[in-house]
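Contents: one structure, followed by commentary.
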Amino acid sequence: MAMTREELNALKTAAQAKAPANWIRVGYSTCGVAAGAKEVFDVLVDEIKARNMDITVKKCGCVGLCSAEPLVEVNIDGVPRVFYGKVNKDIAHRIMDEHVCQKKLVENHIYEI
Amino acid sequence: MKRILLQDTSGTLKKELRDFYVALNSHLRDNGLNDKAQAVLVADIGIYNKGIVAKVLPEGFVYAGLKNTDIALIVEKTILGGEKVAALALDKKNRQMRIVLRNCGIIDPESIEDYIAQEGYQGLAAALAMGPEKVIEEMKKAGLRGRGGAGFPTWMKWNITRGVKGDEKYIICNGDEGDPGAYMDRSVLEGDPHSVIEGMMIGALATGARNGIFYIRAEYPLAVERIQKAIDVCRTRGLIGKNIFGSGFDFDTEIRLGAGAFVCGEETALIASIEGLRGYPRPRPPFPSVKGLWGKPTVINNVETLANVPYIFLKGGEAFGRIGIEGSTGTKVFALTGKVKNSGLVEVPMGTTLREIVFEVGGGVLHNYAIKAIQTGGPSGGVIPEVFFDTPVGYESLQKLGSIMGSGGMIVLDENDCVVDISKFYLGFCVDESCGKCAPCRIGGTQMLAILSKISQGKGETEDMVKLNQIAQAMQKASLCGLGQTAANPVLSTMKYFEAEYRAHVIDKKCPSGKCASLVSYSINKERCTACGLCARNCPVNAISGDRQSKYTIDMEKCIGCGNCYEVCKFGAVIRQ
Numbered sequence: 001m002a003m004t005r006e007e008l009n010a011l012k013t014a015a016q017a018k019a020p021a022n023w024i025r026v027g028y029s030t031c032g033v034a035a036g037a038k039e040v041f042d043v044l045v046d047e048i049k050a051r052n053m054d055i056t057v058k059k060c061g062c063v064g065l066c067s068a069e070p071l072v073e074v075n076i077d078g079v080p081r082v083f084y085g086k087v088n089k090d091i092a093h094r095i096m097d098e099h100v101c102q103k104k105l106v107e108n109h110i111y112e113i
Numbered sequence: 114m115k116r117i118l119l120q121d122t123s124g125t126l127k128k129e130l131r132d133f134y135v136a137l138n139s140h141l142r143d144n145g146l147n148d149k150a151q152a153v154l155v156a157d158i159g160i161y162n163k164g165i166v167a168k169v170l171p172e173g174f175v176y177a178g179l180k181n182t183d184i185a186l187i188v189e190k191t192i193l194g195g196e197k198v199a200a201l202a203l204d205k206k207n208r209q210m211r212i213v214l215r216n217c218g219i220i221d222p223e224s225i226e227d228y229i230a231q232e233g234y235q236g237l238a239a240a241l242a243m244g245p246e247k248v249i250e251e252m253k254k255a256g257l258r259g260r261g262g263a264g265f266p267t268w269m270k271w272n273i274t275r276g277v278k279g280d281e282k283y284i285i286c287n288g289d290e291g292d293p294g295a296y297m298d299r300s301v302l303e304g305d306p307h308s309v310i311e312g313m314m315i316g317a318l319a320t321g322a323r324n325g326i327f328y329i330r331a332e333y334p335l336a337v338e339r340i341q342k343a344i345d346v347c348r349t350r351g352l353i354g355k356n357i358f359g360s361g362f363d364f365d366t367e368i369r370l371g372a373g374a375f376v377c378g379e380e381t382a383l384i385a386s387i388e389g390l391r392g393y394p395r396p397r398p399p400f401p402s403v404k405g406l407w408g409k410p411t412v413i414n415n416v417e418t419l420a421n422v423p424y425i426f427l428k429g430g431e432a433f434g435r436i437g438i439e440g441s442t443g444t445k446v447f448a449l450t451g452k453v454k455n456s457g458l459v460e461v462p463m464g465t466t467l468r469e470i471v472f473e474v475g476g477g478v479l480h481n482y483a484i485k486a487i488q489t490g491g492p493s494g495g496v497i498p499e500v501f502f503d504t505p506v507g508y509e510s511l512q513k514l515g516s517i518m519g520s521g522g523m524i525v526l527d528e529n530d531c532v533v534d535i536s537k538f539y540l541g542f543c544v545d546e547s548c549g550k551c552a553p554c555r556i557g558g559t560q561m562l563a564i565l566s567k568i569s570q571g572k573g574e575t576e577d578m579v580k581l582n583q584i585a586q587a588m589q590k591a592s593l594c595g596l597g598q599t600a601a602n603p604v605l606s607t608m609k610y611f612e613a614e615y616r617a618h619v620i621d622k623k624c625p626s627g628k629c630a631s632l633v634s635y636s637i638n639k640e641r642c643t644a645c646g647l648c649a650r651n652c653p654v655n656a657i658s659g660d661r662q663s664k665y666t667i668d669m670e671k672c673i674g675c676g677n678c679y680e681v682c683k684f685g686a687v688i689r690q
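Given below as structure tokens:
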């Protein structure tokens, strides 16, 4: 069945309303995956599950700063939204400990894009 | 709580920054402000060569050229008062503008809801309400030109195909991206697949095509996977199929894989490849818009071109036409690579200068070497020397300089890159990728490459440069398709701008950049040598011998001229001649 314009608009409104408050985006294009985005993504998902937190982790495309992949964008209430670049497993754990839990920015990995 | 970000890139003086950071932290601690502000060292703020740079969040004030004596003022005004310290502030101009990459990195490419939430498929709905004629009118107002290389106006291409009578027409998305160093199409296909599908559907509506084909190279498995998922979900949701949005417009699309031949980016070869034939170009006319895939009228658009289209129908053609410069509207995505600090994709409005792209967006040259030139347009493009870096980027302006916009590859070359070596690389690429059908490209390319190899080995003669020019002109005029016609461009443009360097190779038998292995020799200065042995450990052919007492020497018989020893020596003891 073809979608109608009204259905499209309803979908849009629903999708916009559903936008999560706290989220983490992981650059998951070829450049990100090649640099180790999968590992980082898995760490973030596992940590959030283990801590039972309400944070959505999403796989996204490439924002463009390929030299700093894997890039992780973090938006947590009470902390400015930032990009972390050259993230590995350890940094992913630190993002969870420091940024998400202690609400402190993690040193040396922030990139302004 | 406020955050003070301090930029810690290699461009800043380490000690000064360290002192500033310590002083700032002690100031915060001594005044009991640790719960009011956090000082953070960050990798990059995007401002270079301006001393100590800080950014205060959430306000986003940027301060540059900071000294320890400024700390008290910043803390008092900004941290406690929330005001900007005008004397220290720097206006950070955002050079980038995202149209093609508007959703890349923002949405989940595998979620259609994410795309719809960002006004996805609204452009298509608007276009369907307009009808084909008005769609082409709107595209004319926008002035969008093909982003794949040639820069043909998209509205004209659509209009020609629309004007050809035929019950069956095709629209093809050219995702056969093969220029060395260019990968913006891959990023768009992977990061925002629905925008390309939506653009293709608007193109189909305008031209009268009812079938679309994505021609994507098999080397892009993730792009293929995401486009396939996007097509599947569109089909189940009823976004493609029969009677879309109740308008009576039918459309369906599928993927065909390319085997990664560069020539298959050429329209006629691409069509042959889809038809299951060998990827050979054929003479035109007839043009694909008249007789294309399966002999039917066919329009072929590049990925980036199509990704622009939904935006045009969201914001209007006139609004799009106001971005950029006369004749080149909108933005262009460039894949900035080579010797540049921030390599990656940048999207800037047309008319941005090369200098702004390389030094402001790209952060300048890696390791602070002197910049020599920038290569644009891939193997069909040319090399632009530093003196022309203030040229605003556009289709015509780059052509005037002997280069092209191409698909948007930009490779930054520094003083250690040799122009003969660069043109040899690009020509070698075209020789490898030449399909061999026409003689000028097949034979001309091979002969030019042989001459360039001779020159780089120090066996060049003065008439070689004349010969290069002659063959290049023959190739430009007589080759069958774009590959051969443009293959000589890198050679011609380097010979034009760097003639002295070619002469140095031919007459003095020297490579000024020290890149051509046969023309350089390495030796070790015993007085500077500290006998650390680093060069010997890094020599791939064990040509360096010695010990703590006698120090080290290079055996020229064994040396292959790779330059590893020169690069690793910390004391400048390895001499290159």
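Here the protein sequences line up with chains A and B, keeping their order. Start counting the first sequence at 1; every next residue gets the next number (this note's numbering). Start counting the second sequence at 114; every next residue gets the next number (this note's numbering). Ideal Cβ placement from N, Cα and C applies to all residues, glycine included.
Residue i beta carbon near the ligand NAD (any heavy atom closer than 8 Å)
i      : result
V544/B : This structure lacks the ligand NAD; in fact it carries no ligand of any kind.
Outcome for residue i when other beta-carbon atoms lying within 10 angstroms are tallied against a minimum of 16
i      : result
N207/B : exposed
Q151/B : buried
L186/B : exposed
I673/B : exposed
W268/B : buried
D668/B : exposed
I620/B : exposed
H618/B : buried
L390/B : exposed
C101/A : exposed
R81/A  : exposed
S658/B : exposed
Option nearest residue i by Cα separation, candidates the options
i      : options                        : result
I564/B : A374/B, L540/B, A649/B, S663/B : L540/B
V301/B : R211/B, K254/B, R350/B         : R211/B
A365/B : N421/B, A374/B, C347/B, V376/B : According to the sequence as given, residue 365/B is Asp; it is not Ala. Taking only the C-alpha atoms, the option nearest D365/B is C347/B.
N88/A  : K59/A, T13/A, A35/A            : A35/A
C31/A  : I192/B, T504/B, G218/B, L118/B : G218/B
T411/B : Y393/B, F327/B, G491/B         : F327/B
G264/B : F502/B, K628/B, S520/B         : S520/B
M561/B : D157/B, S606/B, R116/B, D577/B : D577/B
S634/B : P653/B, T607/B, Y679/B         : Y679/B
N216/B : G233/B, Q209/B, L201/B, K205/B : G233/B
Spatial distance of residue i from residue j (CA atoms)
i      : j      : result
F133/B : K180/B : 7 Å
D660/B : T666/B : 10 Å
A242/B : I425/B : 14 Å
S566/B : Y615/B : 12 Å
A644/B : Y161/B : 37 Å
H99/A  : F41/A  : 16 Å
G522/B : N147/B : 47 Å
A199/B : F174/B : 10 Å
G124/B : G294/B : Note on G124/B: pLDDT 45, under 50, position unreliable in the model; no value is reported.
A585/B : E281/B : 41 Å
V106/A : P171/B : 16 Å
T320/B : G354/B : 17 Å
Y482/B : L526/B : 10 Å
S402/B : L203/B : 52 Å
L318/B : E431/B : 20 Å
V544/B : P553/B : 11 Å
I220/B : D227/B : 6 Å
I368/B : W23/A  : 33 Å
Q512/B : I484/B : 21 Å
Listed by chain order, chain E residues near residue i by CB distance under 8 Å
i      : result
E112/A : The chain inventory of the structure shown lacks chain E, comprising the protein chains A and B.
Q. Name the residues in the segment 135–161 of chain B whose C-beta lies less than 8 Å from a C-beta of chain A; which are they?
A. Q151, V153, L154, V155, A156, D157, I158, G159
Q) In the segment 237–255 of chain B, which residues sit with their C-beta less than 7 Å from some C-beta in chain A, listed in chain order? A) A238
Q. Should the segment 331–350 of chain B be called in touch with the segment 249–266 of chain B, which here means at least 3 C-beta pairs below 8 Å?
A. no
Q: Check each residue of the segment 88–103 of chain A: if its Cβ is closer than 8 Å to any Cβ of chain B, include it; give the result in chain order.
A: K103
**Q.** Three or more C-beta pairs below 8 Å linking the segment 50–65 of chain A and the segment 4–11 of chain A
**A.** no
**Q.** Near-chain B residues of the segment 51–71 of chain A (beta-carbon distance less than 8 Å), N- to C-terminal order
**A.** K58, K59, C60, G61, C62, V63, G64, L65, C66, S67, A68, L71
Q. Between the segment 294–322 of chain B and chain A, which residues of the former have CB atoms less than 7 Å from a CB of the latter, in chain order?
A. R299, S300, E303, G304, D305
Q: Inspect the CB distances between the segment 488–499 of chain B and the segment 594–609 of chain B and report whether three or more fall short of 8 Å.
A: yes
**Q.** Cβ pair count under 8 Å reaching 3, the segment 283–297 of chain B against the segment 375–391 of chain B
**A.** At 8 Å Cβ cutoff, the stretches touch.
Q | the segment 528–540 of chain B / the segment 620–633 of chain B touching (three or more Cβ pairs under 8 Å) | A | yes
Q) Is there contact here, the segment 427–444 of chain B with the segment 454–468 of chain B, by at least three beta-carbon pairs under 8 Å? A) Touching, yes.
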